[in-house]
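Numbering (my numbering), first residue to last: 114 to 237.
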C-alpha cells in the first residue's frame, strides 16, 4: 500500500455480518460514505450531502475483527459538487496482511446555511 492516511478506521463487529458470516456489503458502503463525507465537508468547508453512489466493486472479503481503513480522494470538482473516489482496505485482526475489499465513487453537493446548493470554493 502507498503511504497515505485513511479518512476513517473501524473494526468490523459481529453486528456487521451478513447471514452467511461475512461482513455485509452495505456496512462497507456506509463506512466508505462516512469517510468520503468527511473529506467532502473538510474540503468543501461546510455541509456536504451525498447525492449519488456508483461504480462499486467488492474484490475481497473481510472477517469480523478485521480493521477497515477507508481512503478517499477528490476525483472531480463541479460547480456545486465534489466527486470522491473511496477505497476500503481490510487488515487482518492479528497480523499485517491487507486486502482491498471495496471501492466506489460518491458525489456530494455542498449546501449553504439554507440547505441550497452553493459553489465549490476555488482553492490554490
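Heads up, the beta-carbon is just placed ideally off N, CA and C, and yes, glycines get one too.
Practice task
Per DSSP, which residues does residue 117 bridge with? Please list them.
Solution key: In DSSP, residue 117 forms no bridge with anything.
Exercise for the section: Say whether the stretch 186-200 touches the stretch 126-135, bearing in mind that this needs 3 or more beta-carbon pairs closer than 8 Å, one atom from each stretch. Expected result: Between the stretch 186-200 and the stretch 126-135 there are fewer than three inter-stretch CB-CB distances shorter than 8 Å, so the stretches are not counted as touching.
Problem - Spatial neighbours of residue 225 in its chain, beta-carbon cut-off 6 Å, leaving aside the 5 residues before and after - result: 231
Handout entry: Among 123, 228, 156, nearest to residue 190 - alpha-carbon criterion
Key = 156
Handout entry: Straight-line gap, residue 125 to residue 178 (C-alpha atoms, nearest Å)
Key = 5 Å
Problem - Runs of beta strand (DSSP E) lying entirely within the stretch 124-157, each at least 3 residues, in chain order - result: Qualifying beta strand (DSSP E) stretches: none in this window.
Practice task
Output the distance between the C-alpha atoms of residue 119 and residue 227, rounded to the nearest integer angstrom.
Solution key: Roughly 31 Å separates the two Cα atoms.
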